[in-house]
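Participant: Residue numbers (the numbering used here), protein chains in the order written: chain A, 48 to 285; chain B, -10 to 294.
Note that beta-carbon positions come from the ideal geometry of N, C-alpha and C, so glycine has one too.
Attaching a single structure in structure tokens format; questions to follow.
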Amino acid sequence: MNNPIIEVNGLASGYVKGLNILQGVDLVLKDKEIVSIIGPNGAGKSTLLKAIVGLIPIFGGKIYFNGAELKEIKSYKLAQMGIGYVPQVQNVFPSLTIEENLEMGNWAAKERHKDSFNEIYDMFNILFDKKKERAGNLSGGQRQLLALGRALISKPNVILLDEPSAGLSPKAIDEVFEYINLINQNGVSILLVEQNAKRALKFCDRGYVLDQGRNAYTGSGEDLLNDDKVVELYLGKL
Amino acid sequence: MIEQLGNGLLLGVIIALGSVALSLLYGVTRIVNFAHGEIIALGAVMTLFFSSSPDSSLLFFDRYSPIGINFFGSIVISIILCGIFGASLEIFLFRPLRKNNFGNIAVLVVTIGLSIFLRHIYLLFASAKPSSFILELQRREDYFGIQLTPRNVQVLVLGFIVMILVGLFLTYTKTGKAMRAVRDSSDLASVSGINSDNIILVTWIFSSMLAGFTGIIQGVINNVRWNMGFLILLLIFAGTVLGGIGTSFGAMFGGFVIGVLVQLSVGLEFMDGHTEAKNALALGLMILILLIRPQGIFGTKDRIS
Ligand SMILES: Nc1ncnc2c1ncn2[C@@H]1O[C@H](COP(=O)(O)OP(=O)(O)OP(=O)(O)O)[C@@H](O)[C@H]1O
Ligand SMILES: [Mg+2]
């Protein structure tokens, strides 16, 4: 319990060589924790998640998963090792049906059970009703649930969520946060990037404020919420 | 016009098969493959090479004697070799380019170069004049008012069966579904645990085998020549775009429509003596449809780019 699952040390990363978007980021996610990352637009929050799941190159620093360094490991291998990820955009396969989307998520599963589909359908009933429909036809909220289901079906140990509540109605946002809580209670560690900073900080165990590719503030969610500087710089406007 | 319907159906099937192969490759790899026509020609050229008898008067190969194995066996070998050729293109050319973040336009230019290179390699080993597979000549007969040879009918049926099989493969098999997933988003496929590189390799093989098959039926229906693929490539592009980029069913449908229309327009009165201009009508229609529906007939808005 409470071993670091993901540890990021001095991470430099970006999309093209010589242009580091992340300039030395540190982060720890411990077993069973919910950790939030907040920060202004363009701070590099999404870039950090993409670097962890191996979608973009690492130019400096280190990333550890369960104590082992991740070095040039392909994304599909990381998924098979138990790192789930829900991107900010393009987080479902629009031309595939709901069921096929879940099947794709299941490629990462160590062993495949028929039951895993039912577990997802039990959690997200709406997906069962629409399982033969194309994901591109889902509403924003339903799409977000499918994106969660796709990432969860392979039973990852940790899941990285990039703004899962973006663009949703207040009711759908409540729902998504409830689901995240539920997922966490089932033993999955969660790294959550949120635009909805206050809510994310109330919700999480610990939080990181990222600004211009660097750590700006770090602390428990409560401490960050009560930090005058953080409120003034990052929460005031939101 | 109706007397052209038989030929129209035949060209329709050729363009439909060529289009679905091109569209699948584009969808999964984002490569606009101008060398697609040369892979089509490769299927036909190799089949001719394997099947013609060594002492045949077919002088397609000026430098090497044909091998002279039976026609069906030649087809199978040629299609397999087309698959291997496609795999080599991916492994030795396009994968390294992708890993070096080559831009889409740069890759497109590479495929144009590859197309010219391959086409002239064929010309180097073959005379420029068309050759035919050694198949007995057949008369055209009347099938429900459409004039076709029995072999033409077999080709049509086979072509449709292959299209149905391609559809079933993409819809129901694990690999087919993964191809569609990579087509939607290769990053999302990767983080879902799919090895996108493998799926891209399989797509190259699949697309190239289908292209080779397309060339072989083109050779059966018409003849074999060094630039046969290049001559229909434009129609294949047209079919793909008309049906909707990124949808396999759309590509088949669009390709079929383009092929039929091109051939039917030959029968129009004012086309008399101007059959070389037969592409004009169908391509004009394509432009018109795209003005009204930029995503193509079956394309969806989110997949125009
Ligand atoms: N695919 C890309 N190619 C090149 N640069 C990119 C790409 N995606 C993002 N960037 C750049 O990286 C920087 C950080 O972007 P990132 O998406 O990580 O920010 P973010 O913190 O997630 O912002 P937001 O709150 O808007 O999602 C920005 O300057 C952005 O322009
Ligand atoms: Mg972001």
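Please report the distance separating the alpha-carbon of Tyr111 of chain B from that of Gly156 of chain B.
Facilitator: When rounded, the distance between both Cα atoms is 32 angstroms.
Participant: Tell me where the beta strand (DSSP E) around Pro51 of chain A begins and ends.
Facilitator: Pro51 of chain A -> beta strand (DSSP E) spans Pro51 to Ser60.
Participant: Between which two residues does the beta strand (DSSP E) harbouring Phe112 of chain A extend?
Facilitator: Segment Ile105 to Phe112, the beta strand (DSSP E) holding Phe112 of chain A.
Participant: Does the distance between the C-beta of Ser93 of chain A and the nearest non-hydrogen atom of ligand 2 fall short of 8 angstroms?
Facilitator: Result yes, Cβ under 8 angstroms from ligand 2.
Participant: Looking at ligand 3, does it come within less than 8 angstroms of Val213 of chain B, judged from the CB to the closest heavy atom?
Facilitator: In terms of ligand content, the structure shown lacks ligand 3 and carries ligand 1 and ligand 2 instead.
Participant: Suppose you measure from the CA of Gly232 of chain B to the CA of Asn50 of chain A; what does that come to, to the nearest Å?
Facilitator: Spanning the two alpha carbons is a distance of roughly 54 angstroms.
Participant: So, are the CB atoms of Asn165 of chain A and Arg159 of chain A less than 9 angstroms apart?
Facilitator: Going by C-beta atoms, Asn165 of chain A is not nearer than 9 angstroms to Arg159 of chain A.
Participant: Take the Cβ of Ile293 of chain B as the centre, count every other Cβ of all protein chains shown within 10 Å, and call the residue buried at 16 or more, exposed below.
Facilitator: Confidence is the limiting factor: at Ile293 of chain B the pLDDT is only 40, short of 50, which leaves the residue's position unreliable, though a coordinate-based value still follows. Exposed, because fewer than 16 other Cβ atoms sit within 10 Å of the Cβ of Ile293 of chain B.
Participant: Can you tell me where the beta strand (DSSP E) holding Ile135 of chain B begins and where it ends?
Facilitator: Ile135 to Leu137 is the span of the beta strand (DSSP E), which, as asked, contains Ile135 of chain B.
Participant: For Pro141 of chain A, would you say it is in contact with chain B, using Cβ-to-Cβ distances shorter than 9 angstroms as the test?
Facilitator: Interface residue, yes.
Participant: What span of residues does the alpha helix (DSSP H) with Ile167 of chain A cover, start to end?
Facilitator: Taken as a continuous stretch (DSSP letters only), the alpha helix (DSSP H) holding Ile167 of chain A covers Asp162 to Met170.
Participant: Please tell me whether Leu285 of chain A has its Cβ less than 9 angstroms away from any Cβ of chain B.
Facilitator: Here Leu285 of chain A scores only 47 on pLDDT, less than 50, and its place in the model should not be relied on; the value that follows carries that caveat. Chain B contact via Cβ: absent.
Participant: Would the beta-carbon of Gly182 of chain B fall within 9 angstroms of that of Ala156 of chain A?
Facilitator: Yes, Cβ-Cβ distance for Gly182 of chain B and Ala156 of chain A is below 9 angstroms.
Participant: For Ala76 of chain B, which option in B:Phe60, B:Phe195 and B:Phe39 has the closest C-alpha, if you only look at C-alpha atoms?
Facilitator: The shortest Cα separation from Ala76 of chain B among B:Phe60, B:Phe195 and B:Phe39 belongs to B:Phe195.
Participant: Would you check whether ligand 2 has a heavy atom nearer than 8 angstroms to the C-beta of Glu241 of chain A?
Facilitator: Flag unset: Cβ of Glu241 of chain A not near ligand 2.
Participant: My assumption, with CB atoms under 8 angstroms, is that Leu11 of chain B sits in contact with Asn22 of chain B. Please give the rounded CB distance.
Facilitator: Yes, they are in contact, since the Cβ atoms of Leu11 of chain B and Asn22 of chain B sit about 6 angstroms apart, within 8 angstroms.
Participant: Consult DSSP for Asn289 of chain A and reduce its assignment to one of helix, strand or coil.
Facilitator: Examination of residue 289 of chain A is not possible in this model, given that chain A is present from 48 through 285 alone.
Participant: Rounded to whole angstroms, what's the CA-CA distance from Phe238 of chain B to Tyr161 of chain B? Just pull it up for me.
Facilitator: Rounded to whole angstroms, Phe238 of chain B to Tyr161 of chain B spans 14 angstroms at the Cα level.
Participant: State the DSSP-derived secondary structure class of Glu125 of chain B, mapped to helix, strand or coil.
Facilitator: Here Glu125 of chain B sits in coil by DSSP.
Participant: Report the CB separation of Leu208 of chain A from Ile237 of chain A in whole angstroms; it is logged as a contact under 8 angstroms.
Facilitator: Leu208 of chain A to Ile237 of chain A, Cβ: 7 angstroms. Contact.
Participant: Under 8 angstroms from any heavy atom of ligand 1, does the C-beta of Pro211 of chain A make it?
Facilitator: No, Cβ of Pro211 of chain A sits at least 8 angstroms from all heavy atoms of ligand 1.
Participant: Is the CB-CB distance between Gly268 of chain A and Ser201 of chain A below 9 angstroms?
Facilitator: No, these two residues do not count as a Cβ contact at 9 angstroms.
Participant: 9 angstroms is my cut-off, CB to CB: does Leu95 of chain A come that close to chain B?
Facilitator: With 9 angstroms as the cut-off, Leu95 of chain A does not count as an interface residue toward chain B.
Participant: Given 8 angstroms as the limit, tell me if Gln137 of chain A has its C-beta closer than that to any heavy atom belonging to ligand 2.
Facilitator: No.
Participant: Less than 8 angstroms between the CB atoms is what I'm expecting for Pro87 of chain A and Asp274 of chain A, so what's the real figure, rounded?
Facilitator: That pair is no contact at about 16 angstroms.
Participant: Helix, strand or coil: which one does DSSP assign to Val139 of chain A?
Facilitator: Coil.
Participant: Does the distance from the CB of Ile291 of chain A to the CB of Leu199 of chain A come in under 9 angstroms?
Facilitator: Only positions 48 to 285 of chain A appear in the structure, and residue 291 of chain A is not among them; the question remains open.
Participant: Are any of the Cβ atoms in chain B nearer than 9 angstroms to that of Ala244 of chain A?
Facilitator: By this cut-off, Ala244 of chain A is not an interface position.
Participant: Helix, strand or coil for Ile206 of chain A? Go by DSSP, reduced to three states.
Facilitator: Reduced to three states, the DSSP call for Ile206 of chain A is strand.
Participant: Below 7 angstroms CB to CB, which residues in the same chain sit around Leu70 of chain B once its five sequence neighbours on both sides are set aside?
Facilitator: Contacts found: Met35.
Participant: For a test of the three-state rule: what should DSSP assign to Tyr226 of chain A, helix, strand or coil?
Facilitator: Tyr226 of chain A: helix per DSSP, three-state reduction.
Participant: Relative to the C-alpha of Leu177 of chain B, which residue among A:Met151, A:Asp73 and A:Val205 is closest?
Facilitator: The residue with the shortest Cα to Cα distance from Leu177 of chain B is A:Met151.
Participant: Strictly below 7 angstroms CB to CB, what residues from chain B border Val100 of chain A?
Facilitator: Per Cβ cutoff of 7 angstroms: Val180.
Participant: Please go through the stretch 154 to 209 of chain B and give each complete alpha helix (DSSP H) segment of 4 or more residues, from N-terminal end onward.
Facilitator: Segments of the alpha helix (DSSP H) lying fully in the stretch 154 to 209 of chain B: 163 to 173 and 175 to 180.
Participant: Using 10 angstroms around the beta-carbon of Gly248 of chain B, count the other beta-carbons present and answer buried if the total reaches 16, otherwise exposed.
Facilitator: Looking at its Cβ environment, which holds 16 or more other Cβ atoms inside 10 Å, Gly248 of chain B is buried.
Participant: Nearer than 8 angstroms: is that true of the beta carbon of Gly92 of chain B relative to any heavy atom of ligand 1?
Facilitator: No, Cβ of Gly92 of chain B sits at least 8 angstroms from all heavy atoms of ligand 1.
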